[in-house]
Amino acid sequence: MSTITSPGAARPTPPPASMPDLSRRDLVVDLARVCCVLLVVVIHVVMVGVGFADDGSLVVTRPAQEQSWFPLVTWAGQVMPLFFVVGGFASATAWASTRRRGGDAGDYIRGRLLRLARPASAVFVVLALALVVARAIGVDPGLLDAVAIGVGSPLWFVAAYGITQVCVPVMARLHATRPLATFAGLAIGAVLVDAVRYATGVTEVGLVNLLFVWLFVQQLGFAYASGWFRRPPRLVLVLVAALAYASLVPLTSIGPWPTDQLAGLNPPTVPLIVLGIAQICVLTLVHPLLSRLMETRGARAFVFVVGSRGMTVYLWHVPLLVALIGVMLLVGAPLPAPASSTWWWTRIPVTVVVLALVGLVSLGAARLERPPRTDAPGRRRPSGGVIAVAAVLVIGPSFAVMQHGLDVVNAIAGAVGMLAAIWLLGRSRPTRSV
């Protein structure tokens, strides 16, 4: 959202130094990002079922995914495409800001990697210590592996988003010079990758779509930032969104893709592109209504508080959910049978408790999400080679977790890799004398 001041009008009073200046932000985008994160929390809460059956045995299931209605619900509940769209918007504006300040691609990538690595490092360190201690005290290896894989599931995002951030300078230039060709190339690439994947049965082929699918969706964010979606009549946006959602029917019934859009997340599949198109059209349609909402103090405060802790909420909510369940088991708290009516009703307080726990963790962890400090006068960023090594250290461990699940080795590698990346990216070197 921007503020326009007529020549003769009084200038708006700047906010106090302690308050964020929101006058030049599209607060609807911030609201969309916050809603995406919170919906992910809710989805994970209803997907983890731990309780006792009638015979007293411990039951661990995924209640939501066992429901007949769940696959169709994911057509609305799979919000990761929208998350990457609004991430693309944020990336476009951040890259433009970097260039206005005289920065280059290395400056941009360095800053974005730091904003990923710093909050992720805390999670990796804590999980590595927890897994080492659990193994040392003799926790059942099978149970430990199952818990670790679930706890580490959100870490895939660090790898996927890190890949898109490294590509932002190149993709932004392509959007400025060959936007339609770029969209077409990415879409064709995604279709070809999925065709080979499903024809051969080799799931790993789909990993190439970490580039094609997520970069296509990120380009939608660039287009949104460029004003593309504000130009067509609203009826056109309605028709495009309706056509995109309708196309999921043949894609998932005649085509090879699963109806459950969560099942098509890792590796990402073509339907996520379709969802991204539909979701950005819907966001554009409701933008005027949400803009009025974001004019209220309460909405702005809510979005600022949650949005400034977005990565903390996302990365910590599953570990804290699992920890909460573990404590309840240890103290003998009554746990209803998963998928029972009582279990479904208890998801409301469980969600509230998890968010409260995340809020407590954020009191210390949220500072890791702050923008990195600028280099001191006479100093400049590390070399491109150092930044490239740091990118591998940030993306590599999370990619390994995405592929093989979290275990002691991957957790330790992640902790060491993230801390090493932060150290490398935090270094500076003397500015060349002219």
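The working numbering puts the sequence shown at residues -1 to 432.
Here a beta-carbon is modelled for each residue, glycine too, at the ideal position from N, C-alpha and C.
Looking at the DSSP output, Phe50 bridges to Leu56. Taking 8 Å as the upper bound for CB-CB distance, Val130 and Tyr312 are not in contact here, some 24 Å apart. Counting along the chain, no alpha helix (DSSP H) covers Asp258, and no H or E run does either. Within its own chain, the residues whose Cβ lies closer than 6 Å to the Cβ of Trp314, once the five positions on either side in sequence are excluded, are Val356, Val359, listed in chain order. Taking a cut-off of 8 Å on C-beta distances, the stretch 111 to 125 touches the stretch 407 to 425, as three or more cross pairs fall below it.
Straight through space, the alpha carbons of Gly150 and Pro317 are spaced by roughly 8 Å.
Taking C-beta atoms as the reference points, Val27 and Phe87 count as a pair closer than 8 Å. A distance below 7 Å between beta-carbons, with the five flanking residues on each side excluded, links Ile393 to the following residues of its chain, in chain order: Ala157, Gly160, Ile161. Taking the Cα of Leu328 as reference, the smallest distance to any Cα among Phe81, Gly140, Leu56 is reached at Leu56. By the C-beta criterion, the stretch 242 to 260 is judged to be in contact with the stretch 64 to 73, since at least 3 inter-stretch pairs fall below 8 Å.
A contact between stretches requires three or more CB pairs, one per stretch, nearer than 8 Å, and the stretch 210 to 224 meets this requirement with the stretch 164 to 173.
Of the residues assessed, Ser381 falls on the exposed side of the cut-off, its CB having fewer than 16 other CB atoms within 10 angstroms. Taking 8 Å as the cut-off, the Cβ atoms of Leu283 and Leu235 count as close. Leu111 places its beta carbon 8 Å or farther from that of Val301. Within the same chain, and ignoring the five residues on either side of Leu366 in sequence, the residues whose Cβ sits closer than 7 Å to its Cβ are Arg116, Pro117, Ala120. Restricting attention to Arg427, Ala419, Ser426, Arg425, the CA atom closest to the CA of Leu114 is found in Ala419. Inter-segment contact for the stretch 78 to 98 and the stretch 265 to 284 is present: three or more beta-carbon pairs are separated by less than 8 Å. Annotated three-state conformation of Pro428 is strand, per DSSP.
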